[in-house]
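As C-alpha cells, the structure follows; a few thoughts come after it.
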Amino acid sequence: GGCSTLSASSLAEIIEMPRRCCNRRFRLRRFLHDEDMLVTGTMVLELRHDAITAAARGGLRRLLSAEDKRRRDRRIPRRALQDPSKSVFEKLFTSGDDSSLITLTGLDHRCFAYLRDKFAIIYDRFSPYSEDGRLRLLPVDPHNRGRPRTFTATGCLGLLLAYTRTRGSKYVLQLIFGAAYSVISLFLRFSIRILLKVLKGEPGARVCMPSVEEINVFQQMISNLFPELDGVWCTMDGLKISIQQAKNYYIQLAFYNGWLHDHFVGNVFVFAPSGVCVAACVNNPGSWHDSTIADYGGIYEKLGKVYNETGGRCAVDAAFTKKRCPFLVKSNQKVKTRNRNQVLLIRDTQATSLRQTAEWGMRGFQGSFPRLKDTIMFRRNGRERQLFLVLIPMLYNFRTRYVGLNQIQWGREKTKPKARPLNLAERTTVGKQER
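Counting from 545, one number per residue, gives the positions in the sequence shown under this note's numbering.
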C-alpha cells in the first residue's frame, strides 16, 4: 500500500521479477524501486487459493494510473446513456406489444399493470436510501423529499422483472433503462423488497398447500393417466444454484457439494399438476442432501399431514429417503426385471414418467428466470440472496396462474387478475405517433 502511480515499464518490470523474489509460502513482499518508490509486487507461482489471487489483483490495481483504471471500468457512465424517460424500456412498454413485454419481463401488459398499481402504492411511500436495505418511510412534508427519482414505479418494476429475465453484468440493464450502475443496484435492492411485500398479499402468488378438494382433483387427474399410482398428487425435486466460493474455510465447506465438485445453494420445490409450486425450501447449504433440505424445511411434515388427511403421496427420485416417509413414491431409472412383481414394474415405470413433471418445473424456473443460472455473488450477510430466492417461487406462481406460459399443462386454467386493462385506443394512438 501507499504506492505512487507507476509507468507501464515499471509495472512490467515488477511483474517480470524472478521467482526468487517470492518465498515458498506465497506471501506478498515489498521491493524498493528506483530508490524513491516503495511498491508492492507479487509473483503468483501457483493459483492454490483465491485469497492469493485477490491480493495480487488488488496490489496490481493500485499500481495502475487513473486513466488505466477508467479504461478497465466495465460500467457505463451517465453521459453515455439515454434519459430514462426515453429509454429502450419506455419504447417497448408504450408500444403495447404483449409478446415483447413477455420476452423482457415475463408478464403481459394486463398482468404488469395489475402488479404496477399495487407496487406504486408502496413505491411512493418509501425511500430506497437506507443503510441496512430495509424500507424507510419518506418524510411527510412534500417539500422535503429531495430531487425526483430516476425511476417511476413502472420503470422500477420493469427493472426487477428484466433483471430476473437476463444474465450477466448489469451494464445490459443500464442500456435498457438508461440509468447509472449505482442507481440500478440501489433500485434493484429496493424493488425486491417491495415486490415481495406485494406478492405476499396476492393469493395467486402464494406458495402454500392446496385444499383437500384440490388435492382430490389432482389425485384423480394423475390416476386417469397412471392407474398404478394410486393417491399420488404431486412431484418433488431439488435444484442446485451455483454460488461463489467463500474465503472462510468453514463457510466454504458448508456450500461445497462433493458430488458436483463445486459450491451451490440447495433448494427443494414441490409441484402440483396445475403447474404451480405448492411447497419450497430455499437458500440452504449446498453440502446438504435434498432429503435433508426437505426435512429441515418442513416439506416432509406438510406432505405427511396431507397423507394423513387424504392419503395423498408424492413422486420423487432416488435423492429422497423413503424411510419413515410412507407418503413418498420413488421412481427407478434402472428397473430390475428379475424377481420383480409385474405390478411393481409398471408402478416404477409410471412413477418415472410422472416425475418428469418435476423436471419440467425446474426448467420452468431456470427458463423463466435465467438469472438463476448465473453464479450468485457470495456475501457474509445472506439476506439479499434469501429475499431474491424467496421471491422467485412467488413470481413463478403468479406468472403460471395469470400469464399461463408453463410446460406443465394438467388441468391448468388460464385466469386473469381483475386488473384495469390498458386502453386500446391510447395504445394505438401512441403507436401511430411513434411511427
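By construction, the Cβ of each residue, glycine as well, lies at the ideal position given by its N, Cα and C atoms.
Can you tell which of Ala902, Ala838 and Leu625 has the C-alpha that lies nearest to the C-alpha of Phe815? Ala902
Our contact map puts Leu773 next to Ala895 with C-beta atoms below 8 Å; I'd like the distance itself, whole angstroms only. 6 Å
Taking the CB atoms as reference points, tell me whether Phe695 and Leu703 lie closer together than 8 Å. yes
Just the C-alpha distance for Ile738 and Gln764, rounded to the nearest angstrom, thanks. 39 Å
Here's the rule I'm using: 16 or more other beta-carbon atoms within 10 Å means buried, otherwise exposed. How should Gly819 be labelled? buried
Can you grab the Cα-Cα spacing for the pair Leu682 / Arg669, in whole Å? 6 Å
Report the three-state DSSP secondary structure of Gly782 (helix, strand or coil). strand
Could you work out which residue in Arg929, Cys858 and Met938 is closest to Arg733 when comparing CA atoms only? Arg929
Please report how far the alpha carbon of Glu560 lies from the alpha carbon of Leu607, in whole angstroms. Interpretation of Glu560 is limited by its pLDDT of 43, a score under 50 that renders its predicted location unreliable; no figure is taken from the coordinates.
Nearest-angstrom Cα separation, counted from Val632 out to Phe721: 6 Å
Is it true that the CB of Lys662 sits closer than 8 Å to the CB of Val742? yes
If you reduce the DSSP assignment to three classes, tell me which class Val776 lands in. strand
Which residue comes first and which comes last in the alpha helix (DSSP H) that contains Ala610? Ala610 to Arg616
Segments assigned alpha helix (DSSP H), at least 4 residues, entirely inside the stretch 878-918: 886-898 and 900-912
Ser835 to Arg868, Cα distance in whole Å? 12 Å
To the nearest angstrom, how far is it from the Cα of Val692 to the Cα of Ile620? The residue asked about is misnamed: residue 692 is Pro in this sequence, not Val. Each residue's Cα considered, the two are about 22 Å apart.
Does the beta-carbon of Arg618 have 16 or more other beta-carbons within 10 angstroms, so that it is buried, or is it exposed? exposed
At what residue ranges does the stretch 650-735 contain a whole run of the alpha helix (DSSP H), taking only runs of 4 or more? 653-667, 697-708 and 715-721
Of the choices Gly650, Tyr715 and Pro870, whose alpha-carbon is the least far from that of Arg622? Tyr715
Take the Cβ of Asn941 as the centre, count every other Cβ of all protein chains shown within 10 Å, and call the residue buried at 16 or more, exposed below. buried
Kindly list the residues whose CB is nearer than 7 Å to the CB of Arg660, restricted to its own chain and excluding five residues on each side of it in sequence; keep chain order. Ala697, Thr698 and Leu701
Can you name the residues that DSSP bridges to Val826? Beta-bridge pairing links Val826 to no other residue.
Could you check the C-alpha separation between Trp803 and Met938 for me, to the nearest Å? 30 Å
Quick test of your reading: Thr708 and Arg915, contact by CB under 8 Å. State the CB separation rounded to the nearest angstrom. 5 Å
Looking at the unbroken beta strand (DSSP E) that takes in Asn941, where does it start and where does it end? First-last for Asn941: Arg927 to Tyr946, but that is the alpha helix (DSSP H), not the beta strand (DSSP E).
Can the beta-carbon of Phe999 be found closer than 8 Å to that of Gly848? This structure leaves residue 999 out entirely; the chain is present only between 545 and 979.
Candidates Asp676, Val756, Ser671 and Val727, of which the one nearest Val684 by Cα: Ser671
What first and last residue would you give for the alpha helix (DSSP H) that runs through Asn760? Val756 to Leu769
Leaving out five residues before and five after Gly841 in sequence, what residues of the same chain have Cβ atoms less than 7 Å from its Cβ? Val812 and Cys825
Excluding the 5 residues flanking Arg857 on each side, which residues of the same chain have their C-beta closer than 6 Å to its C-beta? Gly775, Val776, Phe871 and Val873
Would Arg899 and Asp861 qualify as a contact pair, given that the criterion is a beta-carbon distance under 8 Å? yes
How big is the Cα-Cα spacing for Thr986 and Leu949? Lying before the first or after the last residue shown, residue 986 is absent from the chain, which here runs from 545 to 979.
Three-state secondary structure (DSSP) at Glu845? helix
With a Cβ-Cβ cutoff of 8 Å, do Asn827 and Val809 count as a contact? yes
For Ser859, which residues in the same chain have their Cβ closer than 6 Å to its Cβ, ignoring the five residues on either side in sequence? Correcting the residue type first, residue 859 is Ala in the shown sequence and not Ser. For Ala859, where only same-chain residues beyond five positions count, the Cβ hits under 6 Å are Val776, Thr779, Val873, Ala895, Leu898 and Arg899.
Same chain, Cβ closer than 8 Å to Ser729, neighbours up to 5 away in sequence not counted: Lys714
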